[in-house]
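Numbering (the UniProt record's numbering), first residue to last: 1 to 752. For every residue, glycine included, the Cβ atom is placed at its ideal position computed from N, Cα and C. Okay, so here's the structure we're looking at.
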């Protein structure tokens, strides 16, 4: 609190303190009253003081009534009713005071005190209500009901007191107050005391000087009520002092309402009138200087006024159109005008017409019309304003933009990949553009993407995967990454678009690099095969010569060793045979065998292989099933190479079924161009992550394998223009599917 506000608050406290001291001194030195103070003196002073309070009440009522027209609030709505009722009841208090002339009935102490109590209760509760109830805008326009309720309240209270004076509880007995009267006065005092504390607290918050007036008013009225409880007769000096404090209290109430509520309303009225003049000046300036044509028409559709730009837009003079009907002045535009006016009549606040093209001096121009109603208070819709604007430049620019946009969209649609744009919205990323042929391969359309968040377009795991890249791009970083989607490998790039150093959008592109990746893998595999071939050639050359010597001398030793050592010789020969077998596999890789392609019946090939596999199946406790499902079994092939592939695969199946099982060899026609050989086993299966690596050199799951068998098998099938595919479930089994083309003239040329 500032020093100035502290001083003001202190002054109020001092005033209240001095008033209390004055009351105490009067009760010490002037009670009972001096001999000169009796009868007529008391009656006259009491009447003057009450009339002052009544004048204050009716003044506040009158000011409040007029203030409501300019400041429609809850306070200004209730103030006239409250202070009219209080002033009216105080007036009846005077008219029924002992010593006053006959008014309706004889004056009496009982009636005048009941009117006093009614006025004090009305004033106290009303002031408490106004002070504690938050002021807000009122929606009441007709106040007749408030007048009726106020009159009913005052007349009803008056009727009860006049009619049932002798039936009402006694408030005075033997010219002294009864217990009931003192209880009512103390109750009123307690409400006023609460108001004092509320007014003090409100001043400490708002620092408004008008709140100090209200604090003084409540304080003086509180002193008044306390002193009223102390009188011993109707002419007691305490009654006179109480009325003096009441008059002072009402003076401060008048001051509070006038300066904080009523004067403010009149100031607002004055400010509103000033603002209205300023606004009218601004509107007139806008009307005269706007680059648009403005035309005001009345309810009869006659032109009342037009501005200077009307001439340039319509090529007509003001004098030719003012006072003329709209139809006669502007017949070319009447259809659009009539349509807009009809919409305005139906309650629409703003109506637009389509762009109208007109020839002006041989040149095509475009004009857009807008209209809105002018409403006057108490009258309603009185005039209509039509604004016409020459939008030729805008229309031509929009046409150019649309042409460029259409050209760009067509270009984007022809893009083999995808072009897209996105921006950040509520911590998500919203697509604003998405076009390109690749969308179809992903099972999407532009309509399914544009206007959607990434979380709505993609699966949750994909959206979460791209989120960090989106965030980096939105932070201004150029980003590129690879992602797998719908069995396609995509290469995505982001480029942030900035305005004033801030990213407003990100443009991106997506390319399908699946074929490129496969070509890269094939190249790596070819390079690896070339290395393997060179390595195999070297190993075969270096190993076979000493191997032949070792094998010959071992056989020679075997003929001369003791029978007990013959077992060791046999083991050595077996291992040497294994080395020779591995060397032969290397030779196949290093030096491809001469191939001979011919038409051969696969049914015969499978039959011969089943004879070979029969003893092996008995040895491994495997049931062998051969199922020929087609009569078309001829293919163009090298029989020995295909036999090598099938034996290799069947051997792998036997090794996978260590505890027995079922091995099925199927021959079936896939379609009119291919035949398929399926080898199914019920073995331990192959882990899913291993299947893509099958066929790589030296990659094997066998403890004693070289990884070259499957590699050679893949090469043989590829040389036959076929494919080999593995499908396996762990602990269930594996299916190997070999697809070979059926013979035709093209294959004769390919294999020739």
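- Less than 8 Å between the CB atoms is what I'm expecting for residue 686 and residue 654, so what's the real figure, rounded? The sequence position of residue 686 within the chain shown is 686, counting from 1. The sequence position of residue 654 within the chain shown is 654, counting from 1. About 15 Å; that fails the 8 Å criterion.
- Message: Along the chain, where does the alpha helix (DSSP H) containing residue 167 start, and where does it finish?
- Response: By one-based count along the chain shown, residue 167 stands at place 167. Where residue 167 is concerned, there is no enclosing alpha helix (DSSP H), given that its DSSP letter is neither H nor E.
- In angstroms with no decimal places, state the Cα-to-Cα distance between residue 137 and residue 74. Taking the first residue of the chain shown as 1, we reach residue 137 at position 137. Taking the first residue of the chain shown as 1, we reach residue 74 at position 74. Distance between the alpha carbons of residue 137 and residue 74: 6 Å.
- Message: Going by DSSP in three states, residue 227 sits in which element: helix, strand or coil?
- Response: Looking up residue 227 in the chain shown gives position 227. Helix.
- DSSP beta-bridge partners for residue 388? As a first step, residue 388 must be located in the chain shown, where it is residue number 388. Looking at the DSSP assignment, residue 388 forms a beta bridge with 293 and 369.
- Hey, could you find the ends of the alpha helix (DSSP H) residue 250 is sitting in? In the chain shown, the residue the question calls residue 250 occupies position 250. Here the alpha helix (DSSP H) through residue 250 covers 237-257.
- Query: Hey, is residue 391 close to the ligand HEM, as in C-beta under 7 Å from one of its heavy atoms?
  - Reply: Of the ligands one can find in the structure shown there are none, so the ligand HEM has no counterpart to examine.
- Message: Here's the rule: buried if 16 or more other CB atoms are within 10 angstroms of the residue's CB, otherwise exposed. What is residue 736?
- Response: In the chain shown, counting from the first residue as 1, residue 736 sits at position 736. It is buried - the Cβ of residue 736 has at least 16 other Cβ atoms within 10 Å.
- Going by Cα to Cα distance, which pick from 638, 684, 670 and 680 is closest to residue 656? If you number the chain shown from 1, residue 656 lands on position 656. Each of 638, 684, 670 and 680 was checked against the Cα of residue 656, and the nearest Cα belongs to 684.
- Message: Between residue 492 and residue 508, how many whole angstroms is the CB-CB distance? I'm expecting something under 8 Å.
- Response: The count along the chain shown starts at 1 and reaches residue 492 at position 492. The count along the chain shown starts at 1 and reaches residue 508 at position 508. The Cβ separation is near 6 Å, so the contact holds.
- Message: Among the candidates 247, 681 and 694, whose CA atom is the shortest distance from the CA of residue 658?
- Response: Translated into positions along the chain shown, residue 658 becomes position 658. Minimum Cα distance to residue 658 is reached at 681.
- Boundaries (first-last residue) of the beta strand (DSSP E) holding residue 87: For the purposes of this step, residue 87 is taken as residue 87 along the chain shown, with counting starting at 1. Note, residue 87: premise wrong, no beta strand (DSSP E); alpha helix (DSSP H) at 74-95.
- Environment of residue 709 [buried if 16+ CB atoms lie within 10 Å]: Translated into positions along the chain shown, residue 709 becomes position 709. Answer is buried; the Cβ neighbour count reaches 16.
- Message: So, for residue 255: in the same chain, excluding its five sequence neighbours on each side, which residues have a beta-carbon less than 7 Å away from its beta-carbon?
- Response: On the chain shown, position 255 is the one that residue 255 refers to. For residue 255, where only same-chain residues beyond five positions count, the Cβ hits under 7 Å are 213.
- Query: residue 634 lies in the beta strand (DSSP E); which residues open and close that run?
  - Reply: Reading the chain shown from its first residue, position 634 is the one you call residue 634. From DSSP, the beta strand (DSSP E) with residue 634 extends over 634-637.
- Item | Pairwise C-alpha distance: residue 512 and residue 518 | For the purposes of this step, residue 518 is taken as residue 518 along the chain shown, with counting starting at 1. For the purposes of this step, residue 512 is taken as residue 512 along the chain shown, with counting starting at 1. About 12 Å.
- Message: Can you list, in chain order, the residues of its chain with a C-beta nearer than 8 Å to that of residue 769? Leave out the 5 residues immediately preceding and following it.
- Response: Because the chain spans 1 through 752 in this model, residue 769 falls outside it and cannot be assessed.
- So residue 335 is in the alpha helix (DSSP H); what residue range does that whole segment cover? To locate residue 335, count along the chain shown from 1; it is residue 335. 334-345 is the span of the alpha helix (DSSP H), which, as asked, contains residue 335.
- So what does residue 661 bridge to, in DSSP terms? Numbered from 1 along the chain shown, position 661 holds the residue referred to as residue 661. Partner(s): 622.
- Task: Check the C-beta distance from residue 367 over to residue 329 and give it rounded, since I have them as a contact under 8 Å.
- Result: Numbered from its first residue, the chain shown carries residue 367 at position 367. Numbered from its first residue, the chain shown carries residue 329 at position 329. Not really, about 15 Å apart at Cβ, beyond 8 Å.
- Exposed or buried, what is residue 460 when buried is set at 16 or more other beta-carbons lying within 10 Å of its beta-carbon? Counting from one through the chain shown, the residue named residue 460 turns up at place 460. Result: exposed.
- Item | residue 308 - DSSP class collapsed to helix/strand/coil | Indexing the chain shown from 1 puts residue 308 at position 308. DSSP places residue 308 in coil when its eight states are reduced to three.
- Item | Cβ pair count under 8 Å reaching 3, the segment 83-94 against the segment 53-62 | yes
- Task: Can you give me the Cβ contacts of residue 100 inside the same chain, cut-off strictly under 6 Å, excluding the 5 residues immediately before and after it?
- Result: For the purposes of this step, residue 100 is taken as the residue at position 100 of the chain shown. The answer, listed in chain order, is 107.
- Message: On a Cα-Cα basis, can you pick out the residue from 638, 663 and 553 that is closest to residue 622?
- Response: Taking the chain shown and counting its residues from 1, the one referred to as residue 622 is at position 622. Checked all of 638, 663 and 553; the closest Cα to residue 622 is 663.
- Query: Could you give the C-beta distance for residue 294 and residue 307, rounded to a whole number, given that I count them as a contact under 8 Å?
  - Reply: Indexing the chain shown from 1 puts residue 294 at position 294. Indexing the chain shown from 1 puts residue 307 at position 307. Indeed, because the Cβ distance is near 5 Å, the residues count as touching under 8 Å.
- Selection from 434, 323, 180 and 406 that minimises the alpha carbon distance to residue 417: For the purposes of this step, residue 417 is taken as the residue at position 417 of the chain shown. Comparing Cα positions, the closest option is 434.
- Use the C-beta contact count for residue 90: other C-beta atoms within 10 angstroms, 16 or more gives buried, fewer gives exposed. If you number the chain shown from 1, residue 90 lands on position 90. Result: buried.
- Message: Using the Cβ count rule (16 or more neighbours within 10 Å means buried), how would you classify residue 567?
- Response: Locating residue 567 in the chain shown gives position 567, counting from the first residue. Classified as exposed, residue 567 has fewer than 16 neighbouring CB atoms from the shown chains inside 10 Å of its CB.
- Item | Rounded straight-line distance, which links the Cα of residue 668 to that of residue 520 | Within the chain shown, numbered from 1, the residue matching residue 520 stands at position 520. Within the chain shown, numbered from 1, the residue matching residue 668 stands at position 668. Taking the straight line from one Cα to the other gives about 34 Å.
- Query: From residue 559 to residue 551, what distance separates their C-alpha atoms?
  - Reply: Walking along the chain shown from the start, residue 559 turns up at place 559. Walking along the chain shown from the start, residue 551 turns up at place 551. For residue 559 and residue 551, the distance between alpha carbons rounds to 13 Å.
- Task: For residue 321, count neighbouring Cβ atoms within 10 angstroms of its own Cβ and tell me buried if that reaches 16, exposed if not.
- Result: As a working note, residue 321 is residue 321 in the chain shown. When all chains shown are included, residue 321 counts as buried.
- Message: Does the CB of residue 397 have a neighbour CB from chain B at under 8 Å?
- Response: The chain labelled as chain B is not found in the depicted structure, where only one protein chain is given.
- What are the boundary residues of the alpha helix (DSSP H) that residue 597 is part of? As a first step, residue 597 is located in the chain shown; it is residue number 597 there, counting from the start. Residue 597 -> no alpha helix (DSSP H), and no H or E assigned at all.
- Query: Hey, out of 333, 715 and 388, whose CA is closest to residue 754's CA?
  - Reply: For residue 754 there is no data in the structure shown, the boundaries of the chain being 1 and 752.
- Query: Nearest-angstrom Cα distance between residue 210 and residue 252?
  - Reply: Position 210 of the chain shown, counting from 1, holds the residue named residue 210. Position 252 of the chain shown, counting from 1, holds the residue named residue 252. Distance between the alpha carbons of residue 210 and residue 252: 9 Å.
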